[in-house]
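A.B. asks: Before anything else, here's the structure in question.
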């Protein structure tokens with residue numbers, strides 16, 4: 600025999616609305632159960648009420664209030680008039696205009712925020728003349744740099760009695776004539792207080808002052824450096840400058856003081872002059 604009545608939970612699943620919503624519709628007289636068992640209090644709905652409920656949901660999605668929908672059924676029209684639909688269309692047009700205005704305002708705020716972030720991220724600086732302890736090597740990738748510094752460069756600098764002033768300053772320069780994705784050639788330089796005795800691993804040299812460098816802050820793992828270089832080089836050309844010496848990757852925060860790679864800070868420093 601075909602089932603003709605649905606318990607409130609079954610009706611809820613069929614219509615994809617909550618039981619709480621059905622009880623609210625009952626309370627305001629919009630959709631009362633077909634039968635309420637006087638002994639158990641169970642509520643039962645008929646298949647015909649499912650169509651009514653789906654239509655209520657559709658009207659609500661179109662912007663009609665529950666009071667407006669209830670009035671339709673009180674008047675036994677079951678469908679909004681042309682004037683009511685036209686009124687909702689006007690409401691939609693007003694909301695669209697408001698959304699366009701808010702969208703334009705948000706775009707403006709976002710544009711200003713990006714300008715401020717770029718100004719904070721990219722800036723001009725002077726790099727003073729310094730004495731550095733230098734080590735040239737070939738690394739598979741930047742991730743190998745930390746281990747190389749800890750096991751090779753650091754111990755050799757300690758053996759030579761190098762003193763590094765505060766605040767510390769260290770950087771790498773890629774020395775190959777062309778870009779290499781791996782096994783690339785780098786020179787690691789660290790600021791020291793005085794010239795020392797060269798060894799097979801460490802060479803001391805004086806670096807002249809760089810009067811003008813365009814710098815970029817890069818937060819995150821070293822894998823982000825390549826795209827950051829590209830972004831900075833494009834900005835240099837856009838501002839009417841040319842590169843006059845090898846770019847430096849200056850390491851401010853890294854694995855030695857930050858476990859989270861996203862908190863690592865590298866500053867790309869590019870010596871430039873205005874065209």
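Residue numbers (the numbering used here): 600 to 874. For glycine and all other residues, C-beta sits at the position ideal for the given N, C-alpha and C. Please read all numbers here as calculations on a predicted model, not as lab measurements.
Can you give me the C-alpha to C-alpha distance between residue 678 and residue 689, rounded to a whole angstrom?
C.D. replies: The straight-line gap from Cα to Cα measures roughly 18 Å.
A.B. asks: By Cβ distance below 7 Å, which residues in the same chain neighbour residue 661 in space, the five residues on each side in sequence not counted?
C.D. replies: Same-chain partners within the cutoff: 687.
A.B. asks: If you count every other CB in all the chains shown that lies within 10 Å of the CB of residue 863, and 16 or more means buried, which is it?
C.D. replies: Burial call: buried.
A.B. asks: If you check the beta carbons only, do residue 790 and residue 767 fall under 9 Å apart?
C.D. replies: Cβ atoms of residue 790 and residue 767: closer than 9 Å.
A.B. asks: Tell me which residues share the same chain as residue 784 and place their Cβ nearer than 8 Å to its Cβ, disregarding the 5 neighbours each side in the sequence.
C.D. replies: Excluding residues within five positions, the ones whose Cβ falls inside 8 Å are 735, 736, 737, 773, 774, 775.
A.B. asks: Mark residue 630 as exposed unless 16 or more other C-beta atoms lie within 10 angstroms of its C-beta, in which case mark it buried.
C.D. replies: By the 10 Å Cβ count, residue 630 comes out buried.
A.B. asks: Could you pull the start and end residues of the beta strand (DSSP E) that residue 733 belongs to?
C.D. replies: First-last of the beta strand (DSSP E) with residue 733: 729-738.
A.B. asks: Where does the unbroken beta strand (DSSP E) through residue 870 begin, and where does it stop?
C.D. replies: Per DSSP, residue 870 belongs to the beta strand (DSSP E) from 864-873.
A.B. asks: I'd like to check one pair, residue 769 with residue 741: are the Cβ atoms closer than 9 Å?
C.D. replies: Contact: no.
A.B. asks: Could you tell me which uninterrupted alpha helix (DSSP H) segments, each at least 4 residues in length, are contained entirely in the stretch 752-821, listed from first to last along the chain?
C.D. replies: Taking only runs of at least 4 residues, the alpha helix (DSSP H) segments lying wholly in the stretch 752-821 are 753-758.
A.B. asks: Just checking, does the stretch 830-850 make contact with the stretch 750-763 on the three C-beta pairs under 8 Å criterion?
C.D. replies: Touching, no.
A.B. asks: Judging by CA-CA distance, which residue of 794, 744, 624 is the nearest neighbour of residue 763?
C.D. replies: Out of 794, 744, 624, 794 has the C-alpha closest to the C-alpha of residue 763.
A.B. asks: Would you please state the rounded distance, in angstroms, between the beta carbons of residue 739 and residue 782? I believe it to be under 8 Å.
C.D. replies: About 6 Å separates the two Cβ atoms, so the contact holds.
A.B. asks: Pull up the DSSP beta-bridge partners for residue 849, would you.
C.D. replies: Answer is 770, 866.
A.B. asks: Closest to residue 804 by CA distance: which of 698, 706, 612, 730 is it?
C.D. replies: Comparing Cα positions, the closest option is 730.
A.B. asks: Please confirm if the stretch 652-670 is in contact with the stretch 631-640, defined as three or more CB-CB distances below 8 Å between the two stretches.
C.D. replies: No, the stretch 652-670 does not touch the stretch 631-640.
A.B. asks: For residue 600, which residues from the same chain have a beta carbon less than 7 Å from its beta carbon, with the 5 sequence-adjacent residues on both sides left out?
C.D. replies: Here the model assigns residue 600 a pLDDT of 37, short of 50, so the residue's position is not dependable, and the following value carries that caveat. Excluding positions up to five away in sequence, the list is empty.
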